[in-house]
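J.:
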Amino acid sequence: LPFHPRSHPLRHVHRLRRDDAQEAFDHAQGLAEETRHSNRKLELEVQVRSKIEKKLTGFQNYLNSIIDSMPSVLIALDEQLYVTQWNQQASALSGTSIDDALNQPVFIAFEPLRPFLTQIRRTSEHHQVEKIERVTWAFNDEPRHYALTLYPLMGGGGRGVVIRIDDITERINMEEIMVQSEKMLSVGSLAAGMAHEINNPLGAILHNAQNIRRRLSPDLERNREAADETGVLLEAVNQYLQRREIPQLLDGIQQAGSRAAKIVSHMLSFTRLSNRQLAECQLGVLIDQALEIAGNDFALIEGFDFRAIEIVRDFDPQIDRVPCIGNELEQVLLNLLKNAAQAIHQKPERVRGQITLRTRLNPPWAEIQVEDNGSGIPEHIRKRIFEPFFTTKEVGQGTGLGLSVSYFIITNNHKGQMEVQSRPDQGTCFTLRLPLVSPSEPTIS
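With the sequence shown counted from 1, adding 3 to any position gets you the working numbering.
1. Where do the N-terminal and C-terminal ends of the beta strand (DSSP E) with residue 317 fall, by residue?
2. What residue ranges within the segment 152–231 form continuous beta strand (DSSP E) runs of no fewer than 3 residues, ordered along the chain?
3. Who are the Cβ neighbours of residue 433 in its own chain at under 6 Å, not counting the five residues just before and after it?
4. Near residue 315, what residues of its chain come up, given a Cβ to Cβ distance below 6 Å and the 5 sequence neighbours on each side ignored?
5. With distances taken Cα to Cα, identify the nearest neighbour of residue 122 among 87, 96, 163.
6. Output the boundary residues of the alpha helix (DSSP H) element that contains residue 425.
7. Across the segment 110–129 and the segment 141–159, are there enough close Cβ pairs to call them in contact, namely three or more that are closer than 8 Å?
8. Assess, as a yes-or-no matter, whether the segment 403–415 is touched by the segment 326–337 under the definition of 3 or more beta carbon pairs within less than 8 Å.
9. So residue 283 and residue 324 are supposed to be a Cβ contact under 8 Å. How far apart are they, rounded?
10. Under the three-state reduction of DSSP, which class applies to residue 430: helix, strand or coil?
11. Can you give me the Cβ contacts of residue 305 inside the same chain, cut-off strictly under 8 Å, excluding the 5 residues immediately before and after it?
12. Within the continuous alpha helix (DSSP H) that includes residue 321, where are the two ends?
13. Does the Cβ-Cβ distance between residue 343 and residue 375 come in under 7 Å?
14. Classify residue 2: buried if its beta carbon has 16 or more other beta carbons within 10 angstroms, exposed otherwise.
15. Could you pull the start and end residues of the alpha helix (DSSP H) that residue 117 belongs to?
16. Just checking: is the beta-carbon of residue 426 within a distance shorter than 7 Å of some beta-carbon in chain D?
17. Along the beta strand (DSSP E) that carries residue 133, what are the first and last residues, could you check?
18. What does DSSP give as the partner residue(s) for residue 373 in the beta ladder?
19. Strictly by DSSP, which residues pair up with residue 149?
20. Taking the continuous alpha helix (DSSP H) assigned at residue 101, which residues delimit it?
21. Helix, strand or coil, according to DSSP, for residue 90 in the structure here?
22. On the DSSP bridge assignment, give the partners of residue 34 in chain order.
23. For residue 257, does the three-state DSSP call read helix, strand or coil?
24. Check each candidate in 370, 99, 255 and name the one with the smallest Cα separation from residue 286.
25. Quick test of your reading: residue 169 and residue 75, contact by CB under 8 Å. State the CB separation rounded to the nearest angstrom.
26. Within the same chain, show all residues whose beta-carbon is closer than 8 Å to that of residue 57, passing over the 5 residues directly before and after it, in chain order.
27. Under DSSP, the alpha helix (DSSP H) around residue 333 begins and ends at which residues?
28. Tell me the residue span of the beta strand (DSSP E) that contains residue 283.
29. Relative to the alpha-carbon of residue 321, which residue among 329, 101, 363 has its alpha-carbon at the smallest distance?
30. Please name the residue in 384, 350, 137, 224 whose C-alpha comes closest to that of residue 428.
31. Residue range of the beta strand (DSSP E) that residue 77 falls in?
32. Roughly how many angstroms lie between the CA atoms of residue 214 and residue 267, to the nearest whole one?
33. Rounded to whole angstroms, what is the Cα-Cα separation between residue 36 and residue 65?
34. Distance, Cα to Cα, residue 241 vs residue 280?
35. Comparing C-alpha positions only, which one of 69, 113, 98, 72 sits nearest to residue 85?
36. Tell me the residue span of the alpha helix (DSSP H) that contains residue 243.
Okay, here's the thing in structure tokens:
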């Protein structure tokens with residue numbers, strides 16, 4: 004048979020294989036395109052997700068920076084009261100780092116919160132705000148006052164609690180100062196009426212006691228004349244008076260009257276217009292004068308000598324003259340020195356007493372500190388020491404007006420500040436702050 008190439012079976016098979024290869028190639032191309040398209044979509048999704056994660060991370064960091072910047076302690080808890088949020092103030096107050104606090108029970112992360120677990124659980128379970136107005140915690144032996152607020156937390160993750168802790172120590176101190184000022188104002192109006200009513204009969208008592216003593220004296224000619232006219236021997240009368248201790252009774256009347264007069268004088272200090280002129284005085288000189296008077300005049304308790312106390316002077320050379328009323332400031336210093344000496348004598352351990360007098364320039368104030376190593380003042384007493392007539396001393400040893408008058412002199416007459424810091428059995432430090440510039444106008448308390 005003749006040969007026809009077009010009808011050759013091998014050529015036909017070759018053509019079929021080429022078509023299959025083309026189809027496979029086209030199919031592969033399609034799959035590759037789909038893969039490239041899917042990869043582009045995945046890349047876009049990854050980019051979008053990465054951007055979202057960056058935004059979320061940035062937002063979380065922003066929220067954390069806001070929370071850390073707040074002055075309050077903020078602690079977030081989950082339903083089981085495990086810590087989920089812990090700001091820098093929480094770390095500063097508790098001493099527990101955020102890494103150690105997270106995912107820990109709150110009473111382990113911050114032990115002082117253990118007594119309030121009932122309120123914390125109630126906030127979480129009943130969805131209500133709880134407030135603890137005031138708690139006192141001591142860190143580094145320094146008591147501070149705090150207010151706690153418990154907020155319920157609701158969200159997709161379940162219930163929880165947010166604890167906010169605010170340091171209210173300064174506010175409490177300011178409230179105490181305001182209460183003290185109100186008491187000073189009230190006692191001022193009371194003292195004015197009482198003092199004037201007491202002064203008149205008191206003056207008569209002192210005057211008549213002195214006259215009785217004079218009219219019994221044999222040294223006065225008129226006494227001798229009256230005795231001769233009545234046939235009385237003054238020597239015999241004086242012997243009788245001595246035997247019956249009448250002069251001692253008169254001394255007691257005069258001493259009691261003088262003490263009462265001093266109390267009245269202190270009471271009147273609350274009502275006087277502070278119109279005395281302030282003058283430039285050297286603080287160091289005033290302090291030395293007060294120390295000299297204290298060394299010569301203080302006979303506090305039998306067998307106790309003020310001069311046995313070690314006096315430490317720590318004067319700031321930057322302070323020279325300060326506007327003040329010299330005799331009044333000296334009175335305040337004398338009172339503080341007396342209290343310091345008594346506190347030292349009351350301390351059970353017979354260590355050598357020490358009083359440190361310190362001046363510091365702290366614009367806009369000149370500061371004076373009187374610090375002792377005596378018995379200290381308990382917290383419940385410290386809050387009341389500036390109250391008029393409040394005293395812890397035995398009857399006859401104090402009127403309860405010394406510190407209140409001192410407080411009045413510094414805060415009213417000098418427009419300054421007076422505060423006290425004390426630790427039982429360690430000592431007390433009184434700080435006086437005087438303005439470096441004279442106040443322009445006097446005020447009435």
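Just so you know, even glycine gets a beta-carbon here, dropped at the ideal spot from N, CA and C.
T.: Per the coordinate set shown:
1. To locate residue 317, count along the sequence shown from 1; it is residue 314. Where residue 317 is concerned, the enclosing beta strand (DSSP E) stretches over 313–317.
2. 163–170
3. For this step, residue 433 is matched to residue 430 along the sequence shown. Once the five neighbours on either side are set aside, the close Cβ partners of residue 433 are 339, 373, 423.
4. On the sequence shown, position 312 is the one that residue 315 refers to. Excluding positions up to five away in sequence, the list reads 359.
5. The sequence position of residue 122 within the sequence shown is 119, counting from 1. Minimum Cα distance to residue 122 is reached at 163.
6. Within the sequence shown, the letter at position 422 stands for residue 425. Taken as a continuous stretch (DSSP letters only), residue 425 belongs to no alpha helix (DSSP H), being part of the beta strand (DSSP E) at 420–426.
7. Yes, the segment 110–129 touches the segment 141–159.
8. The segment 326–337, when compared against the segment 403–415, does touch it at the 8 Å Cβ threshold.
9. By 1-based counting over the sequence shown, the position of residue 283 is 280. By 1-based counting over the sequence shown, the position of residue 324 is 321. That belief holds up - the Cβ atoms of residue 283 and residue 324 are roughly 4 Å apart, short of 8 Å.
10. Counted from its first residue, the sequence shown places residue 430 at position 427. Residue state, collapsed to three classes: strand.
11. The residue given as residue 305 occupies position 302 in the sequence shown. The predicted position of residue 305 is uncertain, since its pLDDT is 39 and thus under 50; a value taken from the coordinates is nonetheless stated next. Counting only Cβ-Cβ distances below 8 Å, and skipping sequence neighbours, we find nothing.
12. Numbered from its first residue, the sequence shown carries residue 321 at position 318. Careful: residue 321 lies outside any alpha helix (DSSP H) and carries neither H nor E.
13. The sequence position of residue 343 within the sequence shown is 340, counting from 1. The sequence position of residue 375 within the sequence shown is 372, counting from 1. Taking 7 Å as the Cβ cut-off, residue 343 and residue 375 qualify as a contacting pair.
14. This structure cannot speak to residue 2, because the chain is shown only from 4 to 448.
15. Looking up residue 117 in the sequence shown gives position 114. Here residue 117 belongs to no alpha helix (DSSP H), and DSSP marks it neither H nor E.
16. Annotation note: the requested chain D is absent from the structure, which comprises a single protein chain.
17. For the purposes of this step, residue 133 is identified with residue 130 of the sequence shown, where counting begins at 1. Looking at the DSSP string, the run of the beta strand (DSSP E) that includes residue 133 is 133–142.
18. Counting from 1 along the sequence shown, the entry for residue 373 is found at position 370. According to DSSP, which records beta bridges pairwise, residue 373 is partnered with 360, 433.
19. Counting from 1 along the sequence shown, the entry for residue 149 is found at position 146. Answer is 138, 170.
20. Counting from one through the sequence shown, the residue named residue 101 turns up at place 98. Where residue 101 is concerned, the enclosing alpha helix (DSSP H) stretches over 101–104.
21. The residue you call residue 90 lines up with position 87 of the sequence shown. DSSP places residue 90 in coil when its eight states are reduced to three.
22. Translated into positions along the sequence shown, residue 34 becomes position 31. Per DSSP, none; premise fails for residue 34.
23. In the sequence shown, counting from the first residue as 1, residue 257 sits at position 254. In the displayed model, residue 257 falls within a helix according to three-state DSSP.
24. Mapped onto the sequence shown, residue 286 falls at position 283. Comparing Cα positions, the closest option is 370.
25. By one-based count along the sequence shown, residue 169 stands at place 166. By one-based count along the sequence shown, residue 75 stands at place 72. Confirmed, Cβ separation roughly 5 Å.
26. As a first step, residue 57 is located in the sequence shown; it is residue number 54 there, counting from the start. Within the same chain, no residue comes within 8 Å of residue 57 by CB-CB distance, once the 5 residues on both sides are set aside.
27. Here residue 333 refers to the residue found at position 330 when the sequence shown is read from its first residue. Looking at the DSSP string, the run of the alpha helix (DSSP H) that includes residue 333 is 329–349.
28. If you number the sequence shown from 1, residue 283 lands on position 280. Here the beta strand (DSSP E) through residue 283 covers 282–285.
29. Sequence index remark: in the sequence shown, residue 321 carries index 318 (1-based). Of 329, 101, 363, the residue nearest in Cα terms is 363.
30. The residue given as residue 428 occupies position 425 in the sequence shown. Relative to the Cα of residue 428, the nearest Cα in the group 384, 350, 137, 224 belongs to 350.
31. Here residue 77 is taken as the residue at index 74 of the sequence shown, counted from 1. Taken as a continuous stretch (DSSP letters only), the beta strand (DSSP E) holding residue 77 covers 76–80.
32. As a first step, residue 214 must be located in the sequence shown, where it is residue number 211. As a first step, residue 267 must be located in the sequence shown, where it is residue number 264. If you draw a straight line from the Cα of residue 214 to the Cα of residue 267, it is about 22 Å long.
33. As a first step, residue 36 must be located in the sequence shown, where it is residue number 33. As a first step, residue 65 must be located in the sequence shown, where it is residue number 62. So the two alpha carbons sit approximately 43 Å from each other.
34. Stepping through the sequence shown from its first residue, residue 241 is reached at position 238. Stepping through the sequence shown from its first residue, residue 280 is reached at position 277. Their Cα atoms are separated by approximately 51 Å.
35. Within the sequence shown, numbered from 1, the residue matching residue 85 stands at position 82. Of the listed residues, the one whose Cα sits closest to residue 85 is 113.
36. Reading the sequence shown from its first residue, position 240 is the one you call residue 243. From DSSP, the alpha helix (DSSP H) with residue 243 extends over 237–246.
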